[in-house]
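According to this note's numbering, numbering within the sequence shown proceeds without interruption in unit steps and concludes at 1368.
Every residue gets a Cβ at the ideal spot worked out from N, C-alpha and C, and that includes glycine.
Since we're looking at a predicted model, the values are computed, not measured.
Structure first, then comments.
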Amino acid sequence: MRSIRKLSTYAVVSLTLLSPLSALASPQQAKALADIEAKGLRSVGSERLETMISAAASPSKIEFTRSWLAQQPKASGGEQWKCLSEAL
């Protein structure tokens, strides 16, 4: 039990120390990413792009009440589903 705790502590510390190194990016990488994004946006077309970024026509009118929840179908699934539902 102690060895697992020690190992997990080492893993967390290592990941914490190494995380900033993976976040570093060069200006060349940033420019390449921006170029890829611009090329992708140009290939989509203005009409399709407009539909992708426009807001939904009408918001959902669902009111999440206890009675609404009671009307929903019962969830089904195996042990993993049961574990998830208990965790939530």
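>> In whole angstroms, give me the CA-to-CA distance for residue 1344 and residue 1316.
In response: Sequence index remark: in the sequence shown, residue 1344 carries index 64 (1-based). Sequence index remark: in the sequence shown, residue 1316 carries index 36 (1-based). Taking the straight line joining both Cα atoms gives about 41 Å.
> Roughly how many whole angstroms lie between the Cα atoms of residue 1350 and residue 1336?
Replying inline: For the purposes of this step, residue 1350 is identified with residue 70 of the sequence shown, where counting begins at 1. For the purposes of this step, residue 1336 is identified with residue 56 of the sequence shown, where counting begins at 1. The straight-line gap from Cα to Cα measures roughly 28 Å.
> Just reading off the alpha helix (DSSP H) that residue 1330 is part of, what are its end residues?
Replying inline: One-based indexing of the sequence shown puts residue 1330 at position 50. That run of the alpha helix (DSSP H) goes 1326–1333.
> residue 1337 by DSSP, collapsed to three states: which one?
Replying inline: To locate residue 1337, count along the sequence shown from 1; it is residue 57. In the structure shown, residue 1337 sits in coil (DSSP, three-state: anything other than H, G, I, E or B).
>> Helix, strand or coil, according to DSSP, for residue 1353 in the structure here?
In response: As a first step, residue 1353 is located in the sequence shown; it is residue number 73 there, counting from the start. Coil at residue 1353, not helix or strand.
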